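Inspection log for the structure reproduced underneath, given as structure tokens.
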């Protein structure tokens, strides 16, 4: 391989990984060869395991990624874990550059007493569970409780509330995990409280997300009128920074506050300006009560409206809690990490040496592990392009370290020695086809395999059958 | 998007000078790091001012070359508005445009943790809008294709 060609390893296979691959494969000076490593046998990260099963259209973005994967200079090594089967030292032997695109899917904790009681859950784990993520399929969630509190008002909080409340017959038309569907069919939930610490104008969910909740036939959406009101600070800010989405959202919330419930079987209660301060209960009986403090808003120096606790408290008799208040990345072996931000230490995608704050040429990051959990799927595209451009710039400037060998066969052999059950892109296409076929019989987009063994076995069987 | 998301991609550390530093040395710091502003902090790392290219121009216009010998405390903009990591980037953008700030120090628990330039804000907002546009356009095109298929 001449210096006109470089070989790049991408760790992770979610949106930022594929956007980076797509941009790198477009380059001609130098020409880039991409090997993508994924811990699971299946690609697409949070598109497959984060996006809600009843939002299939959002998952269509995988068509763009699959096109990238067809590129002759692209290879996929699934079921290979960074730091385990492939270490940084291993990768450096074979690649001019390594791009970390491992995301940020671990939830932030509330930091309040009682947080670790039984039936206090991380929303991200619930999401991974109902989406059939093999690492989370073994979890179980108590769906025997009638009243549940979901802490947070972002899209994960909204997804979790909707999945908890939606008619299981509707969910049965999606690719939700079968075990989750079965559990949700037996669910006793009657009421979900969605708790926002700021007011309606600051809620992170979008207008379409909240509109969708109000259009579910079996749910009354309720808002306490006093919490739907806009305070003078929010009103002033909305006047200074008009925003169609916020205006529509606030208007809808205020309409809901005026409506009386229609006696539907399930209720969603939107609460604003409240924060949990403690989960009351005990190890034996789990969460019994959520202690809330009422907040008021104040403007920071710069003008952002922040919540501040008042002396008004309230006991919410919810016996199950899902926290969805933010996410952080997980540190990767041998990669400098910025603890404060929960991201890889980086300067616009170039990984930095923690001692000198200077780039470690050859190491890059993109997506949520670079900037934190933020934005829609498409936001990762400009992010990945920026990182890829730095990589290319460093390649052109001769700053990338030279690997021992870039022989694709040698690399593949090495990977297979470390992980005999490596899953190629062709293997994934087999799984994909089988899942879709299984779905067709039931009128569903697909029925997912939810364990790694099951996936490997299915691939083996198909290959045997094909001779 | 918050200030935190932008600072996350800017490494760590921020260039600072002490209030007793001479303007000349502060200018050399600006040149050395190729930046347009430096935060002035006291012994306890508290932000007491910001010294920018604009301050230099103003001081030189008023006092000529003598300005270079002044301590930075006399040439800086004292008590600048600061941002928090949780601050919404839209609000920061609005503030910087309305009040003509090109730089804003970021503090957490009263300690300086970073600085945002108007360029950082512009780039972050551009990327955010480009990303949202990409997602919206793709979904519009898909909808169009479905309609065509359905009809």
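Chains as they are written, first to last, in our numbering: chain C, 1 to 467; chain F, 468 to 618. Here a beta-carbon is modelled for each residue, glycine too, at the ideal position from N, C-alpha and C. All of these numbers come straight from a predicted model, not from anything done at the bench.
C-alpha gap between residue i and residue j, whole angstroms
i                     : j                     : result
residue 184 (chain C) : residue 446 (chain C) : 19 Å
residue 47 (chain C)  : residue 514 (chain F) : 43 Å
residue 469 (chain F) : residue 268 (chain C) : 28 Å
residue 540 (chain F) : residue 505 (chain F) : 12 Å
residue 584 (chain F) : residue 201 (chain C) : 27 Å
residue 377 (chain C) : residue 598 (chain F) : 8 Å
residue 86 (chain C)  : residue 80 (chain C)  : 7 Å
residue 61 (chain C)  : residue 18 (chain C)  : 11 Å
residue 32 (chain C)  : residue 349 (chain C) : 18 Å
residue 414 (chain C) : residue 510 (chain F) : 54 Å
residue 404 (chain C) : residue 88 (chain C)  : 14 Å
residue 324 (chain C) : residue 273 (chain C) : 16 Å
residue 56 (chain C)  : residue 548 (chain F) : 45 Å
residue 132 (chain C) : residue 153 (chain C) : 24 Å
residue 212 (chain C) : residue 345 (chain C) : 38 Å
residue 481 (chain F) : residue 365 (chain C) : 21 Å
residue 51 (chain C)  : residue 217 (chain C) : 22 Å
residue 297 (chain C) : residue 14 (chain C)  : 37 Å
residue 557 (chain F) : residue 534 (chain F) : 36 Å
residue 367 (chain C) : residue 354 (chain C) : 20 Å
residue 292 (chain C) : residue 316 (chain C) : 7 Å
residue 300 (chain C) : residue 306 (chain C) : 7 Å
Chain-ordered chain C contacts of residue i [CB-CB under 8 Å]
i                     : result
residue 471 (chain F) : 341, 372
residue 555 (chain F) : 304
residue 609 (chain F) : 57, 60
residue 502 (chain F) : Those within 8 Å of residue 502 (chain F) in chain C number zero; the least Cβ separation is about 13 Å.
residue 561 (chain F) : 240, 241, 303
Cβ neighbour criterion (16 or more within 10 Å) applied to residue i
i                     : result
residue 357 (chain C) : exposed
residue 591 (chain F) : buried
residue 613 (chain F) : exposed
residue 423 (chain C) : buried
residue 522 (chain F) : buried
residue 394 (chain C) : buried
residue 567 (chain F) : exposed
residue 542 (chain F) : buried
residue 578 (chain F) : exposed
residue 500 (chain F) : exposed
residue 313 (chain C) : exposed
residue 594 (chain F) : buried
residue 498 (chain F) : exposed
residue 141 (chain C) : buried
residue 601 (chain F) : buried
DSSP-derived helix/strand/coil call for residue i
i                     : result
residue 33 (chain C)  : strand
residue 553 (chain F) : coil
residue 468 (chain C) : Coverage of chain C is limited to positions 1 through 467, which leaves residue 468 (chain C) absent and any answer about it impossible.
residue 502 (chain F) : coil
residue 326 (chain C) : coil
residue 618 (chain F) : coil
residue 409 (chain C) : helix
residue 560 (chain F) : helix
residue 207 (chain C) : helix
residue 482 (chain F) : coil
residue 470 (chain C) : Outside the shown range of chain C (1 to 467) lies residue 470 (chain C), about which nothing can therefore be said.
residue 585 (chain F) : helix
residue 9 (chain C)   : strand
residue 415 (chain C) : helix
Closer than 9 Å at the beta carbon, the chain F residues around residue i
i                     : result
residue 345 (chain C) : 478, 479
residue 352 (chain C) : 478, 479
Under 8 Å between C-beta atoms of residue i and residue j
i                     : j                     : result
residue 322 (chain C) : residue 121 (chain C) : yes
residue 572 (chain F) : residue 517 (chain F) : yes
residue 308 (chain C) : residue 361 (chain C) : no
residue 276 (chain C) : residue 151 (chain C) : yes
residue 514 (chain C) : residue 106 (chain C) : Residue 514 (chain C) cannot be examined here, being either before or after the span of chain C that is shown, 1 to 467.
residue 124 (chain C) : residue 156 (chain C) : yes
residue 458 (chain C) : residue 434 (chain C) : yes
residue 223 (chain C) : residue 253 (chain C) : yes
Where residue i meets chain F, residues with beta-carbon distance less than 7 Å
i                     : result
residue 548 (chain C) : Residue 548 (chain C) is absent from the structure shown; chain C starts at 1 and stops at 467.
residue 300 (chain C) : 551, 554
residue 209 (chain C) : In chain order: nothing, as chain F lies at least about 14 Å away.
Where residue i meets chain C, residues with beta-carbon distance less than 9 Å
i                     : result
residue 598 (chain F) : 375, 376, 377, 378, 379, 380, 381, 382, 383
Neighbouring residues, chain C, relative to residue i (Cβ below 7 Å)
i                     : result
residue 543 (chain F) : Going along chain C, no residue has its Cβ under 7 Å from residue 543 (chain F), so there is no contact; the nearest lies around 18 Å.
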